[in-house]
Amino acid sequence: NLNLLEDGKERKEEVAVAEFHKKIKEAFEVFDHESNNTVDVREVGTIIRSLGCCPSEGELHDLIAEVEEEEPTGYIRFEKFLPVMTEVLLERRYRPIPEDILLRAFEVLDPAKRGFLSKDELIKYMTEEGEPFSQEEMEEMLSAAIDPESNSIHYKDYITMMVIDEN
Amino acid sequence: MGSGTSTQHHFAFQNAEKAFRAAALIQRWYRRYVARLEMRRRCTWSIFQSIEYAGQQDQVKLHNFFSYLVDHFTPSSHNERDFLNRIFTEERSPQASETQNCGDYDSIEVPDSYTGPRLSFPLLPDHATALVEAFRRKQRLHARYVLNLLHEARKHLVQLPNINQVSTCYSEEITVCGDLHGQLDDLIFIFYKNGLPSPERAYVFNGDFVDRGKDSVEILMVLFAFMLVYPKEFHLNRGNHEDHIVNLRYGFTKEVMHKYKIHGKKILKLLQDVFCWLPLATLVDEKVLILHGGVSDRTDLELLAKLDRHKIVSTMRYKTRKENKKQAEEKGNANQTGSAGRPSPWFLPQSRSLPSSPLRPSTHKAHRAGRSSSVPCGVPLDPKELSRRVRRSVDLELERCRQQAGFPAIKEKEEPSSSESEVDSDAEEQPQPTPEEWRQVVDILWSDPMAQEGCRANTVRGGGCYFGPNVTERLLQKYHLQFLIRSHECKPEGYEFCHSRKVLTIFSASNYYEVGSNRGAYVKLGPELTPHIMQFQANKATHTLTMRQRISRVEESALRALREKLFAHSSDILVEFKKHDKDETGLIALSDWAAAVESVLHLGLPWRMLRPQLVSSLTDNKLAYKSWLENLAKEKLSQQNIQSSLLETLYRNRSNLETIFRIIDSDHSGSISLDEFRHTWKLFSSHMNIDITDDCICDLARSIDFNKDGHIDINEFLEAFRLVEQSCSGGDVSDCPQVTNSSNRDCSSPGAH
Chain A
1 NLNLLEDGKE RKEEVAVAEF HKKIKEAFEV FDHESNNTVD VREVGTIIRS
51 LGCCPSEGEL HDLIAEVEEE EPTGYIRFEK FLPVMTEVLL ERRYRPIPED
101 ILLRAFEVLD PAKRGFLSKD ELIKYMTEEG EPFSQEEMEE MLSAAIDPES
151 NSIHYKDYIT MMVIDEN
Chain B
1 MGSGTSTQHH FAFQNAEKAF RAAALIQRWY RRYVARLEMR RRCTWSIFQS
51 IEYAGQQDQV KLHNFFSYLV DHFTPSSHNE RDFLNRIFTE ERSPQASETQ
101 NCGDYDSIEV PDSYTGPRLS FPLLPDHATA LVEAFRRKQR LHARYVLNLL
151 HEARKHLVQL PNINQVSTCY SEEITVCGDL HGQLDDLIFI FYKNGLPSPE
201 RAYVFNGDFV DRGKDSVEIL MVLFAFMLVY PKEFHLNRGN HEDHIVNLRY
251 GFTKEVMHKY KIHGKKILKL LQDVFCWLPL ATLVDEKVLI LHGGVSDRTD
301 LELLAKLDRH KIVSTMRYKT RKENKKQAEE KGNANQTGSA GRPSPWFLPQ
351 SRSLPSSPLR PSTHKAHRAG RSSSVPCGVP LDPKELSRRV RRSVDLELER
401 CRQQAGFPAI KEKEEPSSSE SEVDSDAEEQ PQPTPEEWRQ VVDILWSDPM
451 AQEGCRANTV RGGGCYFGPN VTERLLQKYH LQFLIRSHEC KPEGYEFCHS
501 RKVLTIFSAS NYYEVGSNRG AYVKLGPELT PHIMQFQANK ATHTLTMRQR
551 ISRVEESALR ALREKLFAHS SDILVEFKKH DKDETGLIAL SDWAAAVESV
601 LHLGLPWRML RPQLVSSLTD NKLAYKSWLE NLAKEKLSQQ NIQSSLLETL
651 YRNRSNLETI FRIIDSDHSG SISLDEFRHT WKLFSSHMNI DITDDCICDL
701 ARSIDFNKDG HIDINEFLEA FRLVEQSCSG GDVSDCPQVT NSSNRDCSSP
751 GAH
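Next comes the structure, spelled out in structure tokens:
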């Protein structure tokens with residue numbers, strides 16, 4: 001009986017792996033512009049994130065090191081990417097951040113509990129703390145997040161809006 | 001104090017750490033959000049491109065169909081004969097006398113009430129500028145001036161060589177622009193941002209001025225006006241859309257007839273001729289070659305420079321003049337050019353390995369007696385005999401037409417032993433291009449670069465080839481060129497370098513697929529011919545939108561198009577679904593869904609990525625496919641209560657239908673008779689292996705004839721099924737362009753990498 005259970009579990013995993021492989025291949029191919037099973041290393045982050053993972057920049061850096069060639073060419077090959085990414089998905093690594101955790105993060109930055117951050121405060125935190133944004137990233141976030149009348153981000157509403165948009 | 005301070009420090013440190021971690025979390029989350037947006041953007045782009053190219057393949061198939069008719073059809077009834085003759089004669093290139101006639105604008109009166117721009121010739125620079133201004137204010141140019149301008153343009157173009165030679169000694173800068181596709185706002189923006197053409201400011205426009213956008217006429221007028229005013233500095237290259245047959249499908253014909261109801265036909269006829277006189281390429285300082293599509297491993301600039309470009313009326317059909325062919329044969333002309341035997345399928349070069357063209361199987365079809373009344377029944381004939389028979393009957397028919405038209409009868413001669421046409425000494429008639437000349441022109445107007453080495457047939461577009469970096473290199477070396485500038489492909493940033501920066505694609509129609517889909521760009525060649533790219537996006541609205549909103553908008557448009565395609569193939573898709581559901585549970589796993597859909601549509605899209613946008617509800621990770629398909633249909637059902645399967649057929653073939661309509665409607669009246677529709681549809685379906693009974697065809701025809709008067713009004717029909725492209729109905733897209741989001745990119749000289 002134990003064997004049956006094991007078999008069932010194994011088969012399920014096989015099916016899951018097969019499906020992961022297809023998903024990973026699809027996402028990879030979107031960026032494989034030369035149709036030669038390679039992608040620019042700078043796009044790997046996008047691929048990984050669009051597959052449902054939410055790594056930090058540091059974690060991404062480590063992942064890339066795993067899939068890069070011995071002598072980095074600036075390109076990542078699918079043959080190296082596939083097994084590493086499959087493992088990531090199987091282990092459910094780098095899970096996305098739940099809404100409530102995100103909210104708490106904003107609240108940490110807003111100890112006075114006003115319910116918002118000023119534009120300058122947001123800029124300061126995002127460009128000086130954590131894994132700082134580039135200027136482009138900052139501008140893009142501001143364009144959607146900042147309420148032009150109050151020049152601030154009401155983070156609860158912002159989160160809600162972004163989450164709806166995702167789905 | 002001590003402990004106080006250290007506690008303070010401790011808290012401070014903790015707080016700092018918390019803040020650091022909080023910020024890192026937010027950043028992490030945000031970066032994922034952006035990545036997913038980027039992925040959506042790429043997928044959206046793939047959707048548009050794959051659908052666009054699938055449409056071009058349809059075009060190819062359609063014209064293979066007409067070639068098939070020309071080669072193999074024996075009309076079985078008087079009606080069918082008449083009907084087909086109308087198609088044949090419509091496609092004939094205008095004779096010299098007809099062209100004269102078309103240029104006959106003097107008789108056209110311009111009413112006093114006309115407030116639009118008035119032109120007098122020779123044109124002065126002020127006139128051209130005034131024209132731009134008038135169009136910016138949405139005025140329309142009177143037909144008389146249109147014809148006059150086209151007439152003058154033609155006179156000028158005739159003197160130009162196939163390959164324009166331009167030198168930077170004379171003008172300080174040269175600006176090269178890519179596809180405009182009827183988007184006048186972009187042209188106006190370029191002139192605004194870069195400056196109007198002048199003796200110091202040369203311009204090259206690299207083809208595809210018309211089709212798709214809603215102001216193709218105005219763009220042509222402006223371009224031709226400046227060409228006449230600054231003939232040494234203003235240059236135009238022909239694109240694959242400067243072609244009256246392509247125009248039938250992609251909207252230019254429709255636009256002209258809509259804007260010029262009375263004189264539209266004359267204008268179109270003259271344009272047909274003007275287009276063939278457009279130069280094929282431009283060479284700057286003998287170093288930079290500018291042409292619309294690309295090159296192939298056979299591209300021969302000397303041949304291209306020598307051939308008579310006027311012979312190539314349309315790149316869509318090799319044989320364009322049945323009558324001339326027949327005449328040449330009748331004269332027993334012994335001047336045979338190299339072309340041997342029967343014409344090859346229209347532009348599939350023998351050297352490339354390709355799936356057989358639709359023309360090949362036609363010989364099989366001819367043998368299947370009784371399949372349709374259009375094919376001779378009885379004993380299967382060998383292809384040669386068949387073609388002889390057909391040629392004779394068509395020739396007889398054409399002879400009848402000639403007689404009706406008042407030409408003297410020609411004695412019927414014996415069938416000539418071999419084929420092809422060639423150079424004809426008669427000034428009125430125009431000779432055919434040789435297959436090689438043909439191929440050369442098609443290659444430069446239709447090819448696309450690819451990353452891999454080599455050269456292979458461009459099966460996506462159905463014409464020209466894909467050329468690799470080695471082909472580029474060889475060509476550049478052979479002719480001592482520095483680099484190539486081409487257009488033909490839409491790029492998200494409006495431009496793209498490839499082949500180690502030896503090939504530059506420049507595309508000037510911003511928001512091509514949809515508002516916010518892409519930027520436009522133009523390139524200035526400075527000293528040493530280094531390229532400087534300028535980008536733009538001519539729409540105020542997009543800049544008030546966030547990236548997310550822009551992407552959503554474009555995405556919605558792409559998904560709509562995709563859902564329509566899915567609907568159009570519902571029956572086939574259902575069959576595939578059922579194969580994956582042997583137990584008839586009514587449910588299908590997602591990976592099976594993806595496989596099934598791809599096997600029917602062949603679009604090569606990332607279906608799993610798109611799945612969340614296309615499939616909303618899942619039971620236990622599986623899809624109830626019947627209701628999913630029904631929902632797709634619900635979006636499409638119109639008031640007319642047309643049967644769903646018929647609707648599906650219509651949607652699947654809508655571009656072809658529209659094109660067929662416009663070809664049949666040779667007098668551009670906007671309506672065709674039921675009989676004409678039925679005949680063409682019958683022939684088309686049998687050629688395309690569409691399984692459809694005669695009854696079905698009658699039903700289809702009758703249901704399309706809304707007011708039951710025996711005629712089908714084209715636009716009404718298409719509108720009712722929401723098949724009309726938005727492009728011609730002037731949506732909310734255009735605005736007075738402002739200088740907004742454009743960035744300068746300085747690029748180093750090509751080949752430096």
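Going down the list, the protein sequences come from chains A and B.
Terminal number for the first sequence in our numbering: 167, no gaps in between.
Terminal number for the second sequence in our numbering: 753, no gaps in between.
Yeah, the Cβ is synthetic: ideal placement off N, Cα and C, and Gly gets one too.
Whole-angstrom C-beta distance between residue j and residue i, which should lie under 8 Å
| i | j | result |
| --- | --- | --- |
| F467 (chain B) | L476 (chain B) | Wrong, their Cβ atoms sit about 12 Å apart, outside the cutoff. |
| S557 (chain B) | E514 (chain B) | 4 Å |
| V158 (chain B) | W277 (chain B) | 6 Å |
| H127 (chain B) | L270 (chain B) | Actually they do not touch by this definition, with Cβ atoms about 20 Å apart. |
| I153 (chain A) | L122 (chain A) | 6 Å |
| A624 (chain B) | L587 (chain B) | 6 Å |
| R213 (chain B) | G182 (chain B) | Reading the sequence as shown, one finds Gly at residue 213 (chain B) and not Arg. About 3 Å; that satisfies the 8 Å criterion. |
Chain-ordered neighbours of residue i on chain B, where CB pairs are closer than 8 Å
| i | result |
| --- | --- |
| K80 (chain A) | Per Cβ cutoff of 8 Å: no residues; K80 (chain A) is ~20 Å from chain B at best. |
Reduced DSSP category for residue i - H, G, I as helix; E, B as strand; rest coil
| i | result |
| --- | --- |
| K9 (chain A) | helix |
| V67 (chain A) | helix |
| N15 (chain B) | helix |
| Y203 (chain B) | strand |
| E302 (chain B) | helix |
| H679 (chain B) | helix |
| F31 (chain A) | coil |
| Q165 (chain B) | strand |
| K118 (chain B) | A quick correction: the sequence has Arg, not Lys, at residue 118 (chain B). Correct three-state label for R118 (chain B): coil. |
| C54 (chain A) | coil |
| Q183 (chain B) | coil |
| E489 (chain B) | coil |
| V110 (chain B) | coil |
| A369 (chain B) | The predicted model places A369 (chain B) with a pLDDT of 28, which falls under 50 and marks its position as unreliable; any figure quoted below should be read in that light. Looking at A369 (chain B) - three-state DSSP - the assignment turns out to be coil, as it is neither helix nor strand. |
| V313 (chain B) | coil |
Under 7 Å from the C-beta of residue i: neighbouring residues of chain B
| i | result |
| --- | --- |
| T46 (chain A) | A35, E38 and M39 |
| R92 (chain A) | Near R92 (chain A) there are no residues of chain B at all, since even the closest Cβ is about 15 Å away, more than 7 Å. |
Endpoints, beta strand (DSSP E) assigned at residue i
| i | result |
| --- | --- |
| R151 (chain B) | Contrary to the premise, residue 151 (chain B) reads as His rather than Arg in this sequence. That residue, H151 (chain B), is in no beta strand (DSSP E); its alpha helix (DSSP H) goes A143 to V158. |
| K524 (chain B) | G520 to L525 |
| R212 (chain B) | Looking at the DSSP string, R212 (chain B) is not in any beta strand (DSSP E), and its letter there is neither H nor E. |
| V284 (chain B) | A281 to V284 |
| M450 (chain B) | Counting along the chain, M450 (chain B) falls outside any beta strand (DSSP E), and DSSP gives it neither H nor E. |
| M534 (chain B) | P531 to F536 |
| V176 (chain B) | E173 to C177 |
| E496 (chain B) | Y495 to C498 |
Partner residues on chain A for residue i, Cβ-Cβ distance less than 7 Å
| i | result |
| --- | --- |
| W29 (chain B) | C54, I97 and L102 |
| S591 (chain B) | E19 and K22 |
| R608 (chain B) | K22, K23 and E26 |
| M227 (chain B) | Result: empty, since nearest Cβ-Cβ is about 37 Å, beyond 7 Å. |
| K18 (chain B) | V108 |
Cross-chain neighbours of residue i in chain A, by beta carbon under 8 Å
| i | result |
| --- | --- |
| L25 (chain B) | I97, I101, L102, A105 and G130 |
Range of the contiguous alpha helix (DSSP H) that encloses residue i
| i | result |
| --- | --- |
| S655 (chain B) | R654 to I664 |
| S671 (chain B) | Where S671 (chain B) is concerned, there is no enclosing alpha helix (DSSP H), although the beta strand (DSSP E) it sits in stretches over S671 to S673. |
| E242 (chain B) | Here E242 (chain B) belongs to no alpha helix (DSSP H), and DSSP marks it neither H nor E. |
| L614 (chain B) | W607 to L614 |
| A144 (chain A) | Q135 to A145 |
Inset, instruction - With 8 Å as the C-beta to C-beta threshold (strictly closer), list the residues of the stretch 25 to 38 of chain A near chain B in chain order. - result: E26, A27, E29, V30, F31, H33, E34, S35 and N36
Inset, instruction - Using a Cβ-Cβ cut-off of less than 9 Å, give me the residues of the stretch 102 to 120 of chain A that come near chain B, in sequence order. - result: L102, R104, A105, F106, E107, V108, L109 and P111
Inset, instruction - Could you list the residues in the stretch 125 to 159 of chain A with a C-beta less than 7 Å from some C-beta on chain B, going in chain order? - result: Y125, M126, E129, G130, E131, F133, E140, M141, S143 and A144
Inset, instruction - Report the residues of the stretch 60 to 77 of chain A with a CB closer than 7 Å to any CB of chain B, ordered along the chain. - result: none
Inset, instruction - Can you give me, in chain order, the residues of the stretch 439 to 453 of chain B that have a beta carbon less than 9 Å from any beta carbon in chain A? - result: M450, A451 and Q452
Legend entry - Cβ-based contacts, 9 Å cut-off: residues of the stretch 124 to 147 of chain B near chain A: none
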